[in-house]
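The structure appears below as structure tokens.
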Amino acid sequence: MADDEPILSARGLSLSFGAVRALDEVSIDLWPGEVLAIVGESGSGKSTLLRALAGEMRPDAGRVTYRDASGEALEVHAMGEPALRRLARTEWGFVRQDARDGLRMGVSAGGNVGERLMAVGARHYGDIRTEAERWLERVEISPSRIDDRPGQFSGGMRQRLQIARTLVTRPRLVFMDEPTGGLDVSVQARLLDLIRGLVSDLGIAVVLVTHDIAAARLLAHRLVVMRHGRVVEEGLTDRVLDDPRHPYTQLLVSSVLAA
Ligand SMILES: Nc1ncnc2c1ncn2[C@@H]1O[C@H](COP(=O)(O)OP(=O)(O)O)[C@@H](O)[C@H]1O
Ligand SMILES: [Mg+2]
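The numbers in UniProt numbering rise by one with no breaks, and the one at position 127 of the sequence shown is 127.
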């Protein structure tokens, strides 16, 4: 695949909920191996954008194009459900803010990781278990917890388990919605470090939604700033945060610095 073409492109995405224009002609590009953060205050349309990009929500207008592993350009909103589900299983991953939405709570930690492997064709029980153990270690969960269920884990561990479950199949593109939201600040820092290391080791392209500017600074190569469903500014992370041009970005950055 040519690295000089975006892995994901959105053009002119608009989506309204009644009178609320959640997305207003949003266009973005994501490059292979790039971490792109969508930032903005609560209600600015970040999660809606993520869901529209991932085919979970259909925009009123606009299109999303994904360039798959074979280099084929797929129109996400023109794909049928089965094809989209297959893509979500094989080439994509999704990390939810609440790990309970991304895990199967009735299945063991090892089962949660192994299940994704089986979904892409792994069959050998011993190999699956070994790989699950390896991934638990990789996200700093003791392999001795492999048979425990996620309900027996702390919030931070659950989130790390969700990350293992998502990354074990080595997706090319991962969507993350506030992956550190709702966790204690000390837990957040460790999780961010972990995510940063894994994403860079695996060379995954990530669309990261966050209202946390510090998280965006740590993880993202590039930022898109949203307000009222529109992109008001975008650019390389350091440029946008150190030299914000739009008054809204200036406010967003300064309110964090003052916090
Ligand atoms: N399913 C929905 N039904 C109605 N309104 C929604 C729905 N999802 C989002 N919205 C509205 O769309 C706007 C953008 O929401 P959202 O994308 O969740 O913002 P963010 O993730 O930036 O906090 C908000 O005004 C929100 O209330
Ligand atoms: Mg949101």
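Using N, Cα and C, we set each Cβ at its ideal position, and we do this for glycine too.
- Contact check between the stretch 66-77 and the stretch 11-22: fewer than three CB pairs, one atom from each, fall below 8 Å, which does not count as touching.
- In this structure the stretch 191-204 lies against the stretch 160-179, because at least three pairs of beta carbons, one per stretch, are closer than 8 Å.
- Buried is the label assigned to residue 48, since at least 16 other Cβ atoms lie within 10 Å of its Cβ.
- Under the three-state reduction of DSSP output, residue 45 falls in the coil class, being neither helix nor strand.
- In terms of Cβ geometry, residue 129 and residue 151 do not form a close pair [threshold 8 Å].
- Rounded to the nearest whole angstrom, the C-alpha separation of residue 186 and residue 217 is 17 Å.
- Under the three-state reduction of DSSP output, residue 54 falls in the coil class, being neither helix nor strand.
- Short note on residue 47: C-beta closer than 7 Å to some heavy atom of ligand 2.
- Proximity of the beta carbon of residue 231 to ligand 2 is not indicated: no heavy atom of the ligand is located closer than 7 Å.
- When rounded, the separation of the alpha-carbon atoms in residue 203 and residue 93 is 14 Å.
- Under the DSSP assignment, residue 9 falls outside any alpha helix (DSSP H), being part of the beta strand (DSSP E) whose first and last residues are 8-17.
- In this structure residue 43 does not touch residue 225 by the C-beta definition: roughly 14 Å separates them, more than the 8 Å allowed.
- Residue pairing by DSSP puts residue 175 in a beta bridge opposite 94, 207.
- With respect to residue 82, residue 15 sits apart: the two C-beta atoms are not nearer than 8 Å.
- Inclusion of residue 240 and residue 36 in the CB contact set at 8 Å is not warranted, their separation being larger than that value.
- When rounded, the separation of the alpha-carbon atoms in residue 157 and residue 97 is 13 Å.
- Per DSSP, reduced to three states, the secondary structure at residue 38 is strand.
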